[in-house]
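Here the structure comes first, spelled out in structure tokens, and everything after it is commentary.
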Amino acid sequence: MAMGGGIELRSAPREGACFIVRLPIEPATSPLMPEETCGSTGCASCSVLLVEDDPVVADALGGLLRMQGHRVTHAAHALAALTAVSTGEFEIALVDLDLPGMDGLALARHLRGQGFVRPMVAITARADGNAEPQALAAGFDGFLRKPLTGEMLGAALAVHLPVRA
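Counting from 30, one number per residue, gives the positions in the sequence shown under my numbering.
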């Protein structure tokens, strides 16, 4: 093969097939290690509430946050988020604006009304120019547009979490 690798196929009737691909490449290292991502905030292992109704997006964002060393609690809708906040401690909440039932804006207002003082960052795929001012007016501390990268998430945590002594 052009890269010096190879492909092997093993197959047997009624047993399936096995494909083996070998490439002579070095294993990738994560560009965002926990110490590098949030070293300035001291949050190498933050407790994050992720409120996201799309399970694929939630898995992706949760995975990016966990790769950085954070503990992630996922809530698929506002009611689950309210329950999580009442039973757990979170250093930051990342909340999708478009949730079923109570949307992210209403959830932010409700949480602030209940005394939730931790940072909240709105996350959305909305492209309109009104989304960010609406989010900030509802009580969010920050705003991110999807698609999100690990670097974007790390930067948001670094901005919104205080330095620990």
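The C-beta atom is built at its ideal place from N, Cα and C for all residues, glycine as well.
Computed from a predicted structure; not experimentally measured.
- Within the same chain, and ignoring the five residues on either side of F169 in sequence, the residues whose Cβ sits closer than 7 Å to its Cβ are A137, M149, V150 and A151.
- Following the DSSP letters along the chain, one finds D170 in no beta strand (DSSP E), marked with neither H nor E.
- Residues V150, G171 and L173 of the same chain have their beta carbon placed closer than 7 Å to that of A185, with the five preceding and five following residues left out of the count.
- A straight line joining the alpha-carbon of A89 with that of K175 spans about 12 Å.
- When secondary structure is reduced to three states using DSSP, E81 falls in the coil class, being assigned neither helix nor strand.
- Bounds of the alpha helix (DSSP H) holding T112 are A107 to T116.
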